[in-house]
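Novice:
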Amino acid sequence: MNWLQQLSCHWQKTQLQRPELASMFGDPLVKQWVAIDCEMTGLNPKKHHLLSVAAIHINGDTIDTGNGMHLVCRPPVMPDRDTIVIHGLRTADVEHGMSYDEMLALLLPFIDNRPIVGFCPQIDIGFLNPVVKRYMGTTLPNKVIDVRQLYSQRMGDRTQGIPNQSQHLTNILAHYNIPELGAHDAYNDAIMTAMAFLHLRSRP
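Position 152 (the sequence shown) corresponds to 152 in UniProt numbering; numbering is contiguous.
(1) Select from GLY68, LEU150 and CYS9 the residue whose C-alpha is nearest the C-alpha of PRO121.
(2) In whole angstroms, what is the alpha-carbon distance linking ASP93 and VAL72?
(3) Within 10 Å of its beta-carbon, does TRP11 have 16 or more other beta-carbons around it, so buried, or fewer, so exposed?
(4) Just to confirm the assignment, what range does the alpha helix (DSSP H) spanning GLN149 have?
(5) So, at 7 Å on beta carbons, what are the nonlocal neighbours of PRO141 in its own chain, with the 5 sequence-adjacent residues on each side left out?
(6) Classify ASP124: buried if its beta carbon has 16 or more other beta carbons within 10 angstroms, exposed otherwise.
(7) Can you name, in chain order, every residue of its own chain whose Cβ lies under 6 Å from the Cβ of GLN17, other than the five neighbours on each side?
(8) Taking only the alpha-carbon atoms, compute the straight-line gap between ALA55 and LEU198 and give it to the nearest angstrom.
(9) With 16 other CB atoms within 10 Å as the buried threshold, where does ASN44 fall?
(10) Using 9 Å as the threshold, is the C-beta distance between MET98 and ARG134 below it?
(11) Using 9 Å as the limit for Cβ to Cβ distance, is LYS47 near chain D?
(12) Ignoring anything shorter than 4 residues, give me the alpha helix (DSSP H) runs that lie fully in the segment 46-118, in order along the chain.
(13) Here's the rule I'm using: 16 or more other beta-carbon atoms within 10 Å means buried, otherwise exposed. How should GLY156 be labelled?
(14) Can you list, in chain order, the residues of its chain whose CB lies under 7 Å from that of GLY60, leaving out five sequence neighbours each side?
(15) Would you mind giving the Cβ-Cβ distance between VAL147 and GLY126, rounded to the nearest angstrom? I have them listed as a contact below 8 Å.
(16) Which residues in the same chain have their Cβ closer than 6 Å to the Cβ of GLY68, if we skip the five residues on either side of it in sequence?
(17) Does the ligand NAP have a heavy atom nearer than 8 Å to the CB of ASN67?
(18) In terms of residues, what are the limits of the alpha helix (DSSP H) holding MET40?
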């Protein structure tokens with residue numbers, strides 16, 4: 001972490017309104033990450049809402065699927081019928097879900113200070129940060145690792161001329177012979193993202 005990142009992290013910590021989460025600002029342990037995936041009613045955080053969040057620890061070369069979490073949230077606006085094909089969650093699935101505060105009370109200690117691994121995680125973080133800031137006074141301080149970007153860097157010129165190859169998780173899974181799990185499930189997507197991340201770390 002360079003001095004500018006340290007300064008930003010220190011400023012964020014001064015904004016923290018929940019002292020029990022102070023450990024999120026500490027240095028993470030080596031080779032420990034958390035894979036995250038979210039389901040939303042759409043892709044615009046200004047008018048769409050979180051529906052579910054899944055998080056799984058990665059410890060060294062092991063994905064701790066036995067202790068992961070998949071939290072279904074109750075959005076302020078129920079999902080539109082036309083969007084169910086995208087996220088797979090019906091009104092009946094989310095109307096008795098957790099409030100965002102209840103979700104964060106479980107999710108944030110689980111994330112703690114681990115770097116966040118995701119596929120296009122900027123989208124998920126864009127939805128999480130507004131509710132995180134309302135909950136604890138500041139946004140997530142964690143380092144964020146984009147599996148799509150890692151794959152693009154690893155492949156280099158080999159992705160040139162192949163439209164959107166590095167933009168689809170299914171391409172990465174196929175490249176490393178990783179089995180695809182069921183769609184429309186944040187927990188399955190988090191597992192697949194974690195598997196892709198480990199392959200990208202260990203293979204050329």
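Quick reminder that beta carbons are idealized off the backbone N, C-alpha and C, glycines included.
Specialist: Looking at the atomic coordinates:
(1) LEU150
(2) 8 Å
(3) exposed
(4) 147-155
(5) CYS9, GLN12, MET24 and PHE25
(6) buried
(7) MET136 and GLY137
(8) 16 Å
(9) exposed
(10) no
(11) Absent from the structure is chain D; it holds one protein chain and no more.
(12) 84-87, 91-94 and 100-111
(13) exposed
(14) LYS31
(15) No, VAL147 and GLY126 are not in contact; Cβ-Cβ is about 17 Å, not under 8 Å.
(16) ILE56
(17) Among the ligands in the structure shown, none appear at all, so the ligand NAP cannot be discussed.
(18) Segment 32-40 is the beta strand (DSSP E) holding MET40; no alpha helix (DSSP H) there.
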